[in-house]
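Residue numbers (the working numbering): 108 to 566.
Glycine included, every Cβ here is placed at the ideal spot set by N, Cα and C.
Read through the structure below, which is laid out as structure tokens, and then see the notes.
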Amino acid sequence: MKILFDETNLLASMVGEAHGVTPAEYKAQMRRGPEVVKAFRKLVDRGEVGFPSLPFQTDALKQIQAYARKVRGSYDTVCVLGIGGSALGAWALDCALRGPHPVQKPFSRKNPRLVILDNVDPALVGAALEVMDPGKTLVLAVTKQGGTAETVAALLVVREWLGKRAPRQSVAITTPGRGDLYALALREKWPIFAIPENVGGRFSVLSAVGLLPAALIGLDVGKLLRGAAAMTEQCWQTDPRRNPALRAALLHHLIWTAKSKTIHVAFPYSNRLWGTAFWFRQLWAESLGKSKTRAGENVHIGQTPVAALGTTDQHSQVQLYVEGPNDKVFSFWAVEKQGWEGRIPKTRYKLDSFDYLAGRKLAELLEVERLSTEAALTEAGRPNCTYTLERLDEEHLGGFLQLLEFQTAFIAELLDVNAFDQPGVEAGKRFTYGLMGRPGFEEYRERFEQYQKRRRQAI
Ligand code: PA5
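Structure below.
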């Protein structure tokens with residue numbers, strides 16, 4: 108597995124001192140590496156954070172693989188009901204390893220379709236119920252807390268659609284012993300796959316949350332974990348030169364806090380990494396957008412993650428990126444070796460804007476366009492860096508996801524914030540429960556009424 112992090116264009120010598128890292132800043136920041144790794148290691152050793160251990164959980168892997176083998180061929184659709192961290196990982200894996208959704212191979216019992224209902228928009232749910240066949244659909248209900256309103260509501264609708272088949276064709280992925288999904292699954296004897304208590308939603312892609320749907324659609328989850336395990340070994344190195352996640356975290360932290368880059372653009376030049384960009388957006392936003400440090404100091408800190416797709420967004424966003432406010436850092440994601448390189452026919456048309464492309468490859472054009480955007484941004488003094496995956500297979504993807512999770516955890520250490528809670532998300536959930544009449548959340552209904560009163564008085 109080869110995943111490289113290239114920071115050259117984050118340096119002051121490339122983008123100027125106001126926007127890039129000077130040699131003195133670089134040296135001082137790299138010296139913080141060992142202390143950051145040790146601080147995070149303590150959290151893991153105390154059992155507070157579980158994602159670094161996921162690649163080594165052989166029993167969970169065996170259970171997932173055995174179940175996938177058992178049901179293979181029985182379904183042509185795997186329908187995931189989940190939201191946020193309970194859905195984005197599955198999308199990232201499917202999109203990267205089987206191709207972007209609109210252009211995947213035809214679906215069959217051998218190659219089941221993955222439908223992810225991660226919204227309660229009736230248009231999405233209704234359309235899904237029309238295209239799926241209840242006799243050939245396996246439903247995975249995924250919720251760590253076990254009672255998230257959107258997931259439960261979708262489950263209730265899908266259960267009615269499944270009819271009598273519901274108990275046989277449902278699987279729960281949840282925290283054992285906690286929450287109502289677990290209670291229902293026990294009552295109806297569904298298979299239950301555990302989300303470890305110390306693994307939060309956005310860090311759960313390599314638990315059953317991502318692995319079970321991946322195994323059911325035929326991906327090699329063993330290889331995915333092998334890549335993640337190899338990357339985990341690298342991520343525990345205290346020398347930033349040997350640890351891409353640590354080096355990237357140290358530099359992103361410096362560019363963000365000392366050079367005021369409050370927006371982070373994840374810029375894959377790969378449609379297959381588009382799902383991963385959305386997964387990353389949640390990881391970065393929810394883990395690092397915090398009101399307080401761990402010591403309780405008010406900071407209201409965060410770096411807004413944006414997903415942009417190369418080359419598509421060159422014709423949509425890059426004008427802003429090159430000439431607009433210099434408040435962003437760009438993370439290019441490149442894939443060195445494409446499976447099919449897309450040879451362009453050699454036919455000549457005696458037309459200048461056609462003939463220079465004859466006999467070239469789409470993969471070459473994609474890479475040249477990335478390098479051109481990188482050059483244009485650098486010339487304009489916009490700091491950017493590149494993560495290169497040698498190829499996009501299970502092993503590299505597993506390694507890359509793990510790198511991004513470690514990078515997030517390390518930067519949280521530098522900021523002294525808790526990357527593993529999400530009080531802002533929970534606040535929204537509680538208002539919804541209160542307004543929808545869930546017992547125990549009456550206080551939020553009253554708070555909402557107060558809020559509406561203020562709105563009426565404001566007009
Ligand atoms: O990362 C997180 O913790 C959140 O985004 C959750 O994944 C999301 O809110 C869904 O929660 P749950 O899995 O408990 O239904």
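Proximity test, threonine 250 beta-carbon vs the ligand PA5 heavy atom, cut-off 8 Å: Yes - the ligand PA5 has a heavy atom lying nearer than 8 Å to the Cβ of threonine 250.
Pair within 9 Å by beta-carbon distance, leucine 473 and tyrosine 376: In this structure, tyrosine 376 lies closer than 9 Å to leucine 473 by Cβ.
Sequence-distant residues of its chain with Cβ nearer than 6 Å to leucine 358 (five each side left out): Answer for leucine 358: Glu114, Leu117, listed in chain order.
8 Å Cβ shell around alanine 321 - same chain, five flanking residues per side excluded: The beta carbon of alanine 321 is closer than 8 Å to those of Ala197, Leu200, Asp201, Leu204, Val328, Leu331 in its chain, skipping five residues each way along the sequence.
Integer-rounded CB distance, given that proline 347 should sit under 8 Å from phenylalanine 103: What the structure shows of the chain is the stretch from 108 to 566, and residue 103 is not part of that stretch, so it cannot be assessed.
Option nearest glutamine 509 by Cα separation, candidates Trp343, Pro241, Arg554, Asn218: The shortest C-alpha separation from glutamine 509 is found at Trp343.
6 Å CB neighbourhood of threonine 418 in its chain, flanking five on each side removed: Hits under 6 Å: Glu476.
Reference leucine 542; option with closest CA among Glu304, Phe555, Pro530: Nearest option by C-alpha distance: Phe555.
Check: glycine 192 C-beta below 8 Å from any heavy atom of the ligand PA5: Flag set: Cβ of glycine 192 near the ligand PA5.
In chain order, each beta strand (DSSP E) run of at least 3 residues that lies wholly inside the segment 379-413: List check, beta strand (DSSP E) in window: 397-399, 405-408.
Arginine 285 in three-state terms, based on DSSP: It is coil, neither helix nor strand.
Member of Arg294, Asn218, Thr339 whose CA lies at the smallest distance from the CA of glycine 325: Measuring from the Cα of glycine 325, the nearest candidate turns out to be Asn218.
Spatial neighbours of asparagine 433 in its chain, beta-carbon cut-off 7 Å, leaving aside the 5 residues before and after: Around asparagine 433: His126, Gly488, Arg489.
heavy atom of the ligand PA5 below 8 Å from glycine 382 C-beta: For the ligand PA5, no non-hydrogen atom lies closer than 8 Å to the CB of glycine 382.
DSSP state of lysine 453 mapped onto helix, strand, coil: Of the three classes helix, strand and coil, the one that applies to lysine 453 here is coil, per DSSP.
Heavy atom of the ligand PA5 within 8 Å of threonine 255 beta-carbon: Yes, since a heavy atom of the ligand PA5 falls inside the 8 Å radius drawn around the Cβ of threonine 255.
Alpha helix (DSSP H) runs contained entirely in the segment 476-560, provided each spans 4 or more residues: Counting only runs of 4 or more, we get 501-522, 530-543.
Start and end residues, alpha helix (DSSP H) containing threonine 165: Residues 165-178.
beta-carbon lysine 536 near the ligand PA5 non-hydrogen atom, thresh 8 Å: Answer for lysine 536: yes, Cβ within range of the ligand PA5.
First through last residue of the beta strand (DSSP E) which encompasses tyrosine 201: The sequence shown places aspartate at residue 201, rather than the tyrosine named in the question. Unbroken run through aspartate 201 is the alpha helix (DSSP H), 195-205; no beta strand (DSSP E).
Selected residue, minimal CA-CA separation from leucine 395, among Lys366, Leu353, Trp447, Ala516: Among Lys366, Leu353, Trp447, Ala516, the Cα nearest to that of leucine 395 is on Ala516.
Residue environment, glutamate 501, which counts as buried when at least 16 other CB atoms sit within 10 Å: In summary, glutamate 501 is buried, with 16 or more beta-carbon neighbours lying within 10 Å of its beta-carbon over all protein chains present.
Beta-carbon gap between isoleucine 302 and leucine 293 smaller than 9 Å: Against a cut-off of 9 Å, the Cβ pair of leucine 293 and isoleucine 302 comes out as no contact.
Segment contact, 8 Å Cβ cut-off, at least three pairs: the segment 156-170 with the segment 332-342: At 8 Å Cβ cutoff, the stretches touch.
Run of the alpha helix (DSSP H) containing tryptophan 268, from where it starts to where it stops: In the DSSP annotation of this structure, the continuous segment of the alpha helix (DSSP H) that includes tryptophan 268 starts and ends at 256-269.
Residues bridged to isoleucine 324 (per DSSP): Beta-bridge pairing links isoleucine 324 to no other residue.
Contacting residues, own chain, Cβ-Cβ under 6 Å from leucine 111 (five flanking each side not counted): Only Thr495 meet the Cβ criterion.
Stretch pair the segment 277-288 + the segment 242-251: three plus CB contacts closer than 8 Å: Contact holds: three or more Cβ-Cβ distances are below 8 Å.
Spatially closest choice to proline 141 from Asp420, Phe158, Asn350, by CA coordinates: With distances taken between Cα atoms, proline 141 lies closest to Asn350.
Beta-ladder partner(s) of alanine 131, from DSSP: For alanine 131, DSSP records no beta bridge to any residue.
Check whether methionine 239 and valine 227 have beta carbons under 9 Å apart: The Cβ atoms of methionine 239 and valine 227 lie no closer than 9 Å to each other.
Any non-hydrogen atom of the ligand PA5 closer than 8 Å to glutamate 635 Cβ: For the chain, the structure presents residues 108 to 566; residue 635 sits outside this window and is missing.
For aspartate 462, the residue or residues it bridges with in DSSP: The bridge partners DSSP lists for aspartate 462 come to none.
Isoleucine 468 (DSSP reduced to helix, strand or coil): In the sequence as presented, isoleucine is not what sits at residue 468; that position holds lysine. Strand, per DSSP.
Any non-hydrogen atom of the ligand FAD closer than 8 Å to threonine 258 Cβ: Looking for the ligand FAD in the displayed structure turns up nothing; the ligands present are the ligand PA5.
Glycine 547 burial status per 10 Å Cβ neighbour count (16 or more: buried): Note on glycine 547: under 16 other CB atoms within 10 angstroms of its CB, so exposed under the neighbour-count rule.
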